[in-house]
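Visitor: Chains as they are written, first to last, in this note's numbering: chain F, 1 to 467; chain R, 1 to 288. In this text, a Cβ means the ideal position worked out from N, Cα and C, and glycines have one as well. Predicted model only: the values in this text are computed from it and were never measured. I have a structure I would like to understand better, so I am pasting it below and will then ask my questions one at a time.
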């Protein structure tokens, strides 16, 4: 049984070679995936053009079902973006070095899922050509956005998080880009030369790099928590039964980390296959990610339960009705499925045999995310369908336009991600080297230190004359 | 400035402004709807369509709940005496109770703080205004309206709803809304504007007998009464006073003798949500 996170005997040159080869020759399945993503995306583009020209009515949104899948999928993608920060920032600060081979793609996932999420509030707008009115820009009419509206907070939070996470992704990649630069030809050479910003690997550069990276990590953690809290306030700040819930911010953050971790497992398995990363994305690392997911799943389950309990023992009759309706009414099949996928399915992660079985984990991680997507839908739709005024009780199945855009968003995300991993190293070479070095040192001691010393490095104290 | 000073000043500030929000209202236009008089004829809804250029969406879109009726008549049937043991037809014999619902023009409107671009706000007239040109169609206001009285232009209606020569009947005093805009009852703000302008020309205060809203004008049983709640002489404020319904006061906070008095039929819909609606309904009295 494979127990080591990484083979500590692996050579530096081998790491470079393996990772750099991922930029040129993926398995054929990669191109199939790109094709599927393009197909999905083009469906969504057609649907969006149709909706733009004809009106939101094409989405079969109605009164009172005003938001539907768009906002549900928006929350889903925002949630997806949280685990990248978890892996790269939180685990960086607590020195969990098993994250090192997998954090790069998780971080890319953060940035790209935010870019996907940001599209949905725009797509769902009735007059999306005026979307910039949400931003506080200098207008000669003196018109400002309404700073009391959670939607405006959303816009700020998403833009801040997107900028920071993209910057974080880029900064963390600079040493690797320099390696790419040294090995590339043609347009890639030009690109990497520009992006690596003159990185030479001097001590001063490394010191500054470390400081910046740590600072960015510390900056990003509160940001990640605040972003989904603010998204949850879209609902918690409202007056509607089933939305006006105090526990929503932590519940949303837990759900975000949950779906993000499940997505990391999925992408882990996909990348491992596409780019032949078996040496780096090892089974023990997958197992650790699964354990993390399991813990977060249980936290989420607890908060879900807390939400039920507060509604059930509360004094608010409409909230109770919405809760009962979720369990027994029109949305019951989806709701029960969501509870099953979200709370029962993660128990497969508790078994070592299953955790180590890659096909099982692939299916399970996908199902977990189906559950989490359903969860977002079950937050948005039942409240809209069954609120205070009985006249306005209505359910409407989303139209093909809505579905096309929702599925297209997966194509858009997948395409961005696949293009990224083809152009940039999806395994952090320098951090894997660090990891290998530390593992080697634990086994071989001073021999490993001596092996990796450069001639220009200061000599260790033991070799000082007279010592 | 000491901490104590700040606290003192703050509490003094709060004491003067317990209600919060905007205070220098010129008017507070409100309504009183007597449900005893309402016969559910839907004339008010039709009048609203004519006055406010509401598009007729057609049966297919209507059944999809995409209709634009600013004024709607809700129907409620009494619960049967023996619960579900009676067939539905038996307790429908008495007929429905009707509840005409248009925008409640809440003083603490839940739709206002959530609009990202402040397209809906409170005017000095005490009206909950909707600025069509500013609306970007995020539909958050409708989602946060507990009465669900905001309607969204899911489609472009002007070429299908008013084919020539029907476009000649459009009211020139207000705009026709295009797709992607939220709209709702304005208390016939165009009529309020005309009346106010006229009163200003004549150098007098505007009175509630200067004008009527379209629904009030059309109601065959005069169930709907419209006027200024700030003007103590207006019929509406007298009626509100008579039925002990006051702005900023929730029914559950009323003294017991007021709650138990069967003569006091006045209530506001979903009053305990503290939205402070400006439409008072007079409860229907039915034979037992």
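Could you tell me which of 275(F), 16(F), 84(F) and 111(F) sits nearest to residue 33(F), measuring between CA atoms?
Guide: That would be 275(F), whose Cα lies nearest to the Cα of residue 33(F).
Visitor: Can you pull the chain R neighbours of residue 62(F), defined as C-beta to C-beta under 7 Å?
Guide: Ordered by position in chain R, the residues that pass the 7 Å Cβ test against residue 62(F) are 64, 65 and 66.
Visitor: For the stretch 63-90 of chain F, which residues have a CB atom closer than 7 Å to at least one CB atom of chain R, in sequence order?
Guide: Within the stretch 63-90 of chain F, the qualifying residues are 63, 64, 66 and 67.
Visitor: Taking the straight line between their C-alpha atoms, what separation do you get for residue 161(F) and residue 355(F)?
Guide: Using only the alpha carbons, I get a separation of about 32 Å.
Visitor: Which whole-angstrom value is the C-beta distance of residue 230(R) and residue 25(R), which I expect to be below 8 Å?
Guide: Sure, about 6 Å apart at Cβ, within 8 Å.
Visitor: Is there at least one Cβ from chain R nearer than 8 Å to residue 9(F)'s Cβ?
Guide: So, not an interface residue.
Visitor: What's the call for residue 160(R), buried or exposed, on a 16-neighbour Cβ count within 10 Å?
Guide: Classification for residue 160(R): exposed.
Visitor: Which residues, taken in chain order from the stretch 238-259 of chain F, show a beta carbon closer than 7 Å to some beta carbon of chain R?
Guide: Hits within the stretch, in order: 238, 239 and 240.
Visitor: Could you give the DSSP three-state label for residue 226(F): helix, strand or coil?
Guide: Helix at residue 226(F).
Visitor: Are the C-beta of residue 388(F) and some C-beta of chain R separated by less than 8 Å?
Guide: Yes - at least one Cβ of chain R is within 8 Å of the one on residue 388(F).
Visitor: Does residue 179(R) come within less than 8 Å of chain F when only Cβ atoms are used?
Guide: Chain F contact via Cβ: present.
Visitor: Which residues share a DSSP beta bridge with residue 97(R)?
Guide: Answer is 76(R).
Visitor: Alpha helix (DSSP H) containing residue 297(F): first to last residue?
Guide: Counting along the chain, the alpha helix (DSSP H) containing residue 297(F) begins and ends at 283-313.
Visitor: Measuring straight from C-alpha to C-alpha, what distance separates residue 257(R) and residue 244(R)?
Guide: Whole-angstrom Cα-Cα distance: 11 Å.
Visitor: Would a check of beta-carbon distances place residue 134(F) closer than 8 Å to chain R?
Guide: Chain R contact via Cβ: present.
Visitor: Comparing the C-beta of residue 108(R) with each C-beta of chain F, is any distance below 8 Å?
Guide: Output row for residue 108(R): interface = no.
Visitor: Determine the burial state of residue 261(R): buried for a count of at least 16 other Cβ atoms within 10 Å of its Cβ, exposed for fewer.
Guide: Counting Cβ neighbours within 10 Å, residue 261(R) comes out exposed, since fewer than 16 surround it.
Visitor: At what residues does the alpha helix (DSSP H) containing residue 158(R) begin and finish?
Guide: From DSSP, the alpha helix (DSSP H) with residue 158(R) extends over 158-161.
Visitor: Any beta carbon of chain R sitting closer than 8 Å to that of residue 152(F)?
Guide: Cβ-Cβ to chain R under 8 Å: yes for residue 152(F).
Visitor: So which residues of chain F does residue 260(R) contact, with C-beta pairs closer than 8 Å?
Guide: None at all; the shortest Cβ gap to chain F is about 22 Å.
Visitor: Would the beta-carbon of residue 114(R) fall within 8 Å of that of residue 144(R)?
Guide: For residue 114(R) and residue 144(R), yes; Cβs fall inside 8 Å.
Visitor: Can you list, in chain order, the residues of its chain with a C-beta nearer than 6 Å to that of residue 81(F)? Leave out the 5 residues immediately preceding and following it.
Guide: So the qualifying residues of the chain are 110, 113 and 114.
Visitor: Does any CB atom of chain F fall closer than 8 Å to the CB of residue 1(R)?
Guide: The predicted model places residue 1(R) with a pLDDT of 49, which falls under 50 and marks its position as unreliable; any figure quoted below should be read in that light. No, residue 1(R) lies away from the interface with chain F (no Cβ there is under 8 Å from its Cβ).
Visitor: In three-state DSSP terms, what is residue 120(R)?
Guide: Strand at residue 120(R).
Visitor: Alpha carbon to alpha carbon, how far is residue 5(F) from residue 399(F)?
Guide: In a straight line, the C-alpha of residue 5(F) is about 47 Å away from that of residue 399(F).
Visitor: What residues are listed by DSSP as bridge partners for residue 183(R)?
Guide: Its beta-bridge partners are 151(R).
Visitor: Please list the terminal residues of the continuous alpha helix (DSSP H) segment that includes residue 115(F).
Guide: Here the alpha helix (DSSP H) through residue 115(F) covers 103-117.
Visitor: For the stretch 222-243 of chain R, which residues have a CB atom closer than 9 Å to at least one CB atom of chain F, in sequence order?
Guide: Here the close residues number zero.
Visitor: Would you list the one or two residues that DSSP bridges to residue 32(R)?
Guide: Paired residues: 225(R) and 280(R).
Visitor: Would DSSP call residue 208(F) helix, strand or coil?
Guide: Here residue 208(F) sits in helix by DSSP.
Visitor: Please list the partners that residue 136(R) has in chain F, where partner means a Cβ-to-Cβ separation under 8 Å.
Guide: Chain F residues near residue 136(R): 125, 126, 127, 128, 130, 131, 133 and 134.
Visitor: Which same chain residues, not among the five before or five after residue 54(R), have their C-beta less than 6 Å away from its C-beta?
Guide: These residues qualify, in order along the chain: 68.
Visitor: To the nearest angstrom, how far is the alpha carbon of residue 142(R) from that of residue 427(F)?
Guide: Whole-angstrom Cα-Cα distance: 47 Å.
Visitor: For residue 128(R), which of helix, strand or coil comes out of DSSP?
Guide: Reduced to three states, the DSSP call for residue 128(R) is strand.
Visitor: Check whether the stretch 94-111 of chain F touches the stretch 91-111 of chain R, counting contact only when three or more Cβ pairs, one atom from each stretch, lie closer than 8 Å.
Guide: Short answer: they don't touch.
Visitor: With a cut-off of 8 Å, does the C-beta of residue 142(F) fall near any C-beta of chain R?
Guide: So, not an interface residue.
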